[in-house]
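What follows is one structure encoded as structure tokens, with my remarks underneath.
Protein chains: 2
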Amino acid sequence: MESIKSHSYEVHLEELAEAALRQHIAKSNYSKVFVLVDENTKKKCLPIFKEKLGERADVILEIQSGENHKNIATCSKVWELLSHHNGDRKSLLLNLGGGVLTDLGGFVASTFKRGIDFINIPTTLLSMVDASIGGKTGVDLGSLKNQIGVINQPQMVLVFPEFLKTLETRQLKSGYSEMLKHGLIMDADYWKGLKEKNEFTDALCIKKSIAIKNDVVIQDPTELGLRKILNFGHTLGHAIESYCLENPERETLLHGEAIAIGMILESYLSHELKGLSKLSVQEVKETFLKHFGRVSFDTADIKAILKLLKYDKKNSHGDVNFVLLQEIGTALTDIKVPHDLFNKAFAYYAE
Amino acid sequence: MESIKSHSYEVHLEELAEAALRQHIAKSNYSKVFVLVDENTKKKCLPIFKEKLGERADVILEIQSGENHKNIATCSKVWELLSHHNGDRKSLLLNLGGGVLTDLGGFVASTFKRGIDFINIPTTLLSMVDASIGGKTGVDLGSLKNQIGVINQPQMVLVFPEFLKTLETRQLKSGYSEMLKHGLIMDADYWKGLKEKNEFTDALCIKKSIAIKNDVVIQDPTELGLRKILNFGHTLGHAIESYCLENPERETLLHGEAIAIGMILESYLSHELKGLSKLSVQEVKETFLKHFGRVSFDTADIKAILKLLKYDKKNSHGDVNFVLLQEIGTALTDIKVPHDLFNKAFAYYAE
């Protein structure tokens, strides 16, 4: 499938990805090629990937999977391993994994000896259509997501849809949630077609989602304006995700599951503040509830979630900024929301 | 004194620095202004600085001074404090301190919420003429110096020579060592005049050294070529500094003291490999020994120091790259040195 050009790197899919990787390594004179994996991708993806790569995987570095390991302690471990294995400025880091791994691996590479090259090879649907595209790297600080990081582009992103065969449906749906978001913020037709799907690994849809994210990021790499629209559903979604992660009594939500709730809540806010039609809000709610079910939040939960809002990276001067929809396919940024609407939004979600 | 223009920021000296800072803060609409200090600059420099700044120091953040605190643990503490005090993307961090503090503060700012603005206000001679200029930020990984970091420019650098009054002579000499390096690598006349000085706080000399470093950095911000010349004396100097820091039986050397030794050693290598005259090597050795005295290294010390060389950031593909002098005022980069010359260089230093 044809490649997608970005600012300084390219996204290659399927058979072209393999050729691009081999070519890049052949021409780049790297001193060492490191591959970062977790216990899952080591078992399920690394054998397949090594065949694609040919002979050139000098050192495999392993971290533990999961958002609770996406922190500075894990970075320190990888920095030390790179150093121990004589990584130098001409080393290359290949990040083979989901969003946690590509976010963390990108940050480690961007900061090791003030920056070495890295390539993202996303193995989950979520990271194919979202995390691995756009140059955001980073780790969490306690329960606060992605508080520490830099914006830095990989050399390339390689998408092999065959890795999706290794995933459970719950994981696939988490990526599907971000793909639906791409439709909601930029392309009503894409939303319309995608929301009726019952399998989520269609290569054409993956490509469409990557193209939408890439278009936005190219126009605004450092999130001064347009790029903010990608945060639709994420302001409340991140707070919900953090809350469930740090609360031992709650089941941990996958990223896509949390932002699915966020998108329902923020569509309600869009209706109240920006004229998104009642019908559209219903459509958003029904679509996400159909695929993700409903999660219960009591008054104490909601209070704690709203408290986490103030740490959102998108804020400045103490205000909480939202991305809202004017209509399906059109997003507005930097909207302030009166506090009393939050409880109403949660009530709408629950009803 | 007239300001020095850099790529994306300016270096302001003396009275202009105060005006530039006030103006920048007035026009920038920062949500919060943080000042990072250590226990020394808090006591000796912060009161003076607050007067210059006027009213706008919202939160003072304190770290412990010293190279042994220049690590990720200290970064985590500062990231957490920034987060605790509701730092957001529109916050500003003012780094008030020596090289350890501006390197660490620059890294913390560059990575907090994927990057907030920072301004360096160096309080030591070393950081005025070296560390605060050029956008290198970072911290140590164990005993390996500056292994973790990014290249990112501050909004501006403000130089107030009056802070030098708070320093001991040993500290001043550490900066003087870097100033002498600027002469050795770029300007023979500057070297000639500077090496005869007995006081080290001359504002014109400080300005000359900043201008030399800045010229080099502007031409090559990411150290692909010319910028490497700034590493003269640093390849062996860093290894010596690391060795003394991690070895409890050795007295810790200041950075300038370590690279003074490094410059003598590397001048000897320059004579052996690149034709630097015997007379010039003698001149370099006498100058540094006059100001810094001689440090003893036995065979075991030298062996351990050479082992540390392989972790130098400037290496690639397992070779150790050196900057050597062709003559005083002219440096050459990427020179490989045969291993047997290292012992000869140490012998020359000791004789």
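Order-wise, the sequence lines are chains A and B.
Counting along the first sequence from 1, when you hit position 235 you're at 511 in my numbering, and nothing is skipped either side.
Counting along the second sequence from 1, when you hit position 295 you're at 571 in my numbering, and nothing is skipped either side.
Even glycine gets a Cβ: it sits at the ideal position worked out from N, Cα and C.
Would you say B/Asn619 lies against chain A (beta-carbon separation less than 8 angstroms)?
Counting from one through the second sequence, the residue named residue 619 of chain B turns up at place 343. So, not an interface residue.
Contact residues within the segment 491-512 of chain B, judged by C-beta distance below 9 angstroms to chain E
Among the protein chains of the structure shown, namely A and B, there is no chain E.
Would you tell me roughly how many angstroms separate the C-alpha atoms of B/Ala407 and A/Ala576, rounded to the nearest one?
Mapped onto the second sequence, residue 407 of chain B falls at position 131. Mapped onto the first sequence, residue 576 of chain A falls at position 300. Going from the Cα of B/Ala407 to the Cα of A/Ala576 covers about 49 angstroms.
Closest Cα partner of A/Leu358 within the set A/Ser386, A/Asp478, A/Leu420
Here residue 358 of chain A corresponds to residue number 82 of the first sequence, with the count starting at 1. For A/Leu358, the nearest C-alpha among the options comes from A/Ser386.
Can you list the alpha helix (DSSP H) stretches of 4 or more residues lying completely in the segment 522-593 of chain B, in chain order?
531-550, 554-568, 575-584
From A/Thr413 to A/Val426, what does the alpha carbon distance come to, in whole angstroms?
Walking along the first sequence from the start, residue 413 of chain A turns up at place 137. Walking along the first sequence from the start, residue 426 of chain A turns up at place 150. Going by the C-alpha atoms only, they are around 6 angstroms apart.
Beta-carbon separation of A/Ala296 and A/Leu440 under 8 angstroms?
Counting from 1 along the first sequence, the entry for residue 296 of chain A is found at position 20. Counting from 1 along the first sequence, the entry for residue 440 of chain A is found at position 164. Taking 8 angstroms as the Cβ cut-off, A/Ala296 and A/Leu440 do not qualify as a contacting pair.
How would you label A/Arg503, buried or exposed, when you count the other beta carbons within 10 angstroms and need 16 or more for buried?
Here residue 503 of chain A refers to the residue found at position 227 when the first sequence is read from its first residue. Flag for A/Arg503 reads buried.
Between B/Met539 and B/Phe573, which are expected to be in contact by the criterion C-beta below 8 angstroms, what is the C-beta distance as a whole number of angstroms?
Within the second sequence, numbered from 1, the residue matching residue 539 of chain B stands at position 263. Within the second sequence, numbered from 1, the residue matching residue 573 of chain B stands at position 297. Not really, about 15 angstroms apart at Cβ, beyond 8 angstroms.
Paired residues, beta bridge with B/Ala464 - DSSP:
Counting from 1 along the second sequence, the entry for residue 464 of chain B is found at position 188. For B/Ala464, which the question treats as bridged, DSSP gives no partner whatsoever.
Would A/Asn396 be called buried (16 or more neighbouring beta carbons within 10 Å of its own) or exposed?
As a working note, residue 396 of chain A is residue 120 in the first sequence. Label assigned to A/Asn396: buried.
Beta-ladder partner(s) of B/Asp314, from DSSP
For the purposes of this step, residue 314 of chain B is taken as the residue at position 38 of the second sequence. For B/Asp314, which the question treats as bridged, DSSP gives the partners B/Ile339.
Any beta carbon of chain B sitting closer than 8 angstroms to that of A/Leu337?
By 1-based counting over the first sequence, the position of residue 337 of chain A is 61. False, the Cβ-Cβ gap to chain B never drops below 8 angstroms.
Any contact between the segment 372-392 of chain B and the segment 315-335 of chain B? By contact I mean 3 or more CB pairs, one from each, below 8 angstroms.
yes
Does B/Glu356 have its Cβ less than 8 angstroms from a Cβ in chain A?
Position 80 of the second sequence, counting from 1, holds the residue named residue 356 of chain B. Yes, contact with chain A.
Is the segment 533-550 of chain A touching the segment 436-454 of chain A in the sense that three or more CB pairs, one from each, lie closer than 8 angstroms?
yes
Cα-Cα separation between B/Glu294 and B/Val287, rounded to whole angstroms
Along the second sequence, one-based indexing puts residue 294 of chain B at 18. Along the second sequence, one-based indexing puts residue 287 of chain B at 11. B/Glu294 and B/Val287: Cα-Cα distance of roughly 12 angstroms.
Mind checking if B/Lys412 is an interface residue toward chain A, Cβ cutoff 8 angstroms exclusive?
The count along the second sequence starts at 1 and reaches residue 412 of chain B at position 136. True, the Cβ-Cβ gap to chain A drops below 8 angstroms.
Proximity winner among A/Met404, A/Phe310, A/Thr609, relative to A/Glu331 (alpha-carbon distances)
Walking along the first sequence from the start, residue 331 of chain A turns up at place 55. Nearest option by C-alpha distance: A/Phe310.
Within 8 angstroms of any Cβ in chain A, is that where the Cβ of B/Asn371 sits?
Taking the first residue of the second sequence as 1, we reach residue 371 of chain B at position 95. No, no contact with chain A.
Taking only three categories from DSSP, how would you classify A/Leu500?
The count along the first sequence starts at 1 and reaches residue 500 of chain A at position 224. If DSSP states are grouped into helix, strand and coil, A/Leu500 belongs with coil.
8 angstroms is my cut-off, CB to CB: does B/Phe388 come that close to chain A?
For the purposes of this step, residue 388 of chain B is taken as residue 112 along the second sequence, with counting starting at 1. Yes, B/Phe388 lies at the interface with chain A (some Cβ there is under 8 angstroms from its Cβ).
Need the endpoints of the beta strand (DSSP E) that B/Asn422 sits in, please.
Translated into the one-based positions of the second sequence, residue 422 of chain B becomes position 146. Per DSSP, B/Asn422 belongs to the beta strand (DSSP E) from 420-424.
Rounded to whole angstroms, what is the Cα-Cα separation between A/Leu688 and A/Gly513?
The question about residue 688 of chain A has no answer here: the residues shown for chain A are numbered 277 through 627.
Looking at B/Ser419: is its Cβ nearer than 8 angstroms to the Cβ of B/Ser518?
Indexing the second sequence from 1 puts residue 419 of chain B at position 143. Indexing the second sequence from 1 puts residue 518 of chain B at position 242. In this structure, B/Ser518 lies closer than 8 angstroms to B/Ser419 by Cβ.
Give me the Cα-Cα distance between B/Trp467 and A/His531, rounded to the nearest whole angstrom.
The sequence position of residue 467 of chain B within the second sequence is 191, counting from 1. The sequence position of residue 531 of chain A within the first sequence is 255, counting from 1. Distance between the alpha carbons of B/Trp467 and A/His531: 59 angstroms.
Taking 6 angstroms as the limit between beta carbons, can you name the residues of its chain near A/Ser546, skipping five residues before and five after?
Looking up residue 546 of chain A in the first sequence gives position 270. Excluding sequence neighbours, A/Ser546 sits near Leu552, Leu600, Leu601.
Whole angstroms are fine: how far does the CA of A/Lys473 sit from the CA of A/Ile339?
Taking the first sequence and counting its residues from 1, one reaches residue 339 of chain A at position 63. Taking the first sequence and counting its residues from 1, one reaches residue 473 of chain A at position 197. Those two C-alpha atoms are separated by around 34 angstroms.
I want to verify the contact list: residues of chain B whose CB lies under 8 angstroms from the CB of A/Lys586, in sequence order.
Translated into positions along the first sequence, residue 586 of chain A becomes position 310. Within chain B, the residues near A/Lys586 are Asn362.
Determine whether the Cβ of B/Leu417 lies closer than 8 angstroms to any Cβ atom of chain A.
Here residue 417 of chain B refers to the residue found at position 141 of the second sequence. With 8 angstroms as the cut-off, B/Leu417 counts as an interface residue toward chain A.
Name the residues in the segment 418-431 of chain B whose C-beta lies less than 7 angstroms from a C-beta of chain A; which are they?
Leu420, Gln423, Ile424, Gly425, Val426, Ile427
Chain-ordered chain A contacts of B/Gly391 [CB-CB under 9 angstroms]
Numbered from its first residue, the second sequence carries residue 391 of chain B at position 115. Simply Gly425, Val426, Ile427, Thr498.
Below 7 angstroms on C-beta distance, what does A/Ile348 contact in chain B?
Counting from 1 along the first sequence, the entry for residue 348 of chain A is found at position 72. Ordered by position in chain B, the residues that pass the 7 angstroms Cβ test against A/Ile348 are Ile348, Ser352.
Out of A/Lys550, A/Glu627, A/Phe568, A/Thr511, which one is the CA nearest neighbour of A/Leu585?
Position 309 of the first sequence, counted from the first residue, corresponds to residue 585 of chain A. Among A/Lys550, A/Glu627, A/Phe568, A/Thr511, the Cα nearest to that of A/Leu585 is on A/Thr511.
If you compare alpha carbons, which of A/Val405, A/Leu402, A/Gln429 is closest to A/Gly382?
For this step, residue 382 of chain A is matched to residue 106 along the first sequence. Out of A/Val405, A/Leu402, A/Gln429, A/Gln429 has the C-alpha closest to the C-alpha of A/Gly382.
Only counting runs of 3 or more residues, tell me where the beta strand (DSSP E) segments fall wholly within the segment 318-399 of chain B, in order along the chain.
335-339, 367-373, 393-398
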